[in-house]
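Each remark here refers to the structure printed beneath this line.
Residue numbers (UniProt numbering): 1 to 325.
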């Protein structure tokens with residue numbers, strides 16, 4: 001059976017899937033509603049199957065639609081790879097890297113790395129989003145994310161060949177932080193279970209670390225009690241210093257704020273608190289060169305490449321552009 005559809009059809013279906021609306025999907029694709037509707041109908045006729053469930057609330061993908069969109073993502077991403085590889089020869093073509101990171105990487109490492117990367121690549125944009133690590137791995141495996149930064153990955157998963165490559169990145173443990181006059185400040189190490197009778201200062205319920213700690217507490221049979229929820233680690237530390245509660249944050253953040261605030265850092269004895277961060281990709285060699293350069297910069301920033309400093313980073317990236325290793 002001959003199948004006739006084009007890149008516009010694929011992009012339209014991707015946009016529709018993102019908003020569950022034919023009208024908004026058409027707007028994102030810069031098409032009129034009648035034109036978009038006609039494209040979907042022709043696509044369904046050509047494929048011989050319905051791609052959308054239609055109801056008064058909007059549209060959702062059928063199983064066939066989900067399969068089509070999954071493959072459309074791959075095709076469109078390969079086109080992005082093509083554009084990235086030849087962008088130096090075609091004026092006006094820009095690249096885009098989709099990076100998904102856990103809370104620690106999102107707040108502690110990516111801002112500085114991306115500021116340097118974007119300065120080196122004015123023609124590349126970065127989509128940075130925060131997700132739980134297990135979700136990031138799934139997004140990378142499905143081709144919906146180019147680069148992931150995750151933690152809590154066991155050795156068996158790292159060693160497995162399931163379509164995702166894990167590259168060791170950093171270590172950054174989760175620690176308990178209290179005010180210096182808090183009852184728990186007398187301890188240097190505690191189990192997470194020993195803290196659950198106290199009120200917590202947490203990050204937003206939408207943050208990955210919030211969801212992770214909530215799940216860890218529920219596993220122990222004692223849900224976390226959040227007295228205050230804030231938007232970042234600095235605000236959390238200020239509230240903790242003011243005796244609003246205790247909190248669990250990355251050690252890098254705690255060490256930064258403990259120097260200027262009356263805080264106590266207490267190590268957690270739980271195995272999950274010892275955090276090894278990984279960069280994950282599907283196949284590094286299949287990424288556009290500009291995305292590979294971001295991975296190289298992240299490795300250099302973590303001191304894993306044997307090079308340090310901005311000048312060395314720039315030299316390494318220039319070598320990558322010339323095809324050197």
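Heads up, the beta-carbon is just placed ideally off N, CA and C, and yes, glycines get one too.
All figures in this text were calculated on a predicted structure; none of them were measured in a lab.
Worksheet entry | For residue 202, three-class secondary structure by DSSP | strand
Fill in: Cut-off 8 Å between Cβ atoms - residues of its own chain near residue 188, not counting five sequence neighbours on either side
266 and 267
Worksheet item: Going straight from the alpha carbon of residue 79 to that of residue 228, what length do you get?
Response: 46 Å
Worksheet item: Of the residues 100, 146, 136 and 27, which one's Cα is nearest the Cα of residue 284?
Response: 146
Worksheet item: Using the rule of at least 16 other Cβ atoms within 10 Å of the residue's Cβ for burial, across every protein chain shown, is residue 257 buried or exposed?
Response: buried
Practice prompt. Following the continuous beta strand (DSSP E) through residue 55, name the residue where it begins and the one where it ends.
Written response: 52 to 55
Practice prompt. Would you be able to state if there are at least three C-beta pairs under 8 Å between the region 191 to 204 and the region 222 to 236?
Written response: yes
Worksheet entry | Inter-residue CB distance, residue 172 and residue 251 (contact presumed, cutoff 8 Å) | 6 Å
Worksheet item: Where does residue 8 sit, in a helix, a strand or coil, going by DSSP?
Response: helix
Practice prompt. Taking all protein chains shown into account, decide if residue 370 is buried (16 or more other Cβ within 10 angstroms of its Cβ) or exposed.
Written response: Residue 370 falls outside the range modelled here, since the chain spans only 1 to 325, and no answer is possible.
Worksheet entry | Residue span of the beta strand (DSSP E) that contains residue 95, given as start and end | 95 to 101
Worksheet item: Quick one: any contact between the region 128 to 141 and the region 239 to 247, if contact means 3 or more CB pairs under 8 Å?
Response: no
Fill in: Secondary structure of residue 246, DSSP reduced to three states
strand
Worksheet item: Under a three-way DSSP split, which group does residue 337 fall into?
Response: Only positions 1 to 325 of the chain appear in the structure, and residue 337 is not among them; the question remains open.
Fill in: Candidates 217, 152 and 213: closest to residue 249 by CA position
213
Worksheet item: Should residue 130 be labelled buried (16 or more other beta-carbon atoms within 10 Å of its own) or exposed?
Response: buried
Discussion item. Tell me which residues share the same chain as residue 151 and place their Cβ nearer than 6 Å to its Cβ, disregarding the 5 neighbours each side in the sequence.
Written reply: 102, 133, 275 and 277
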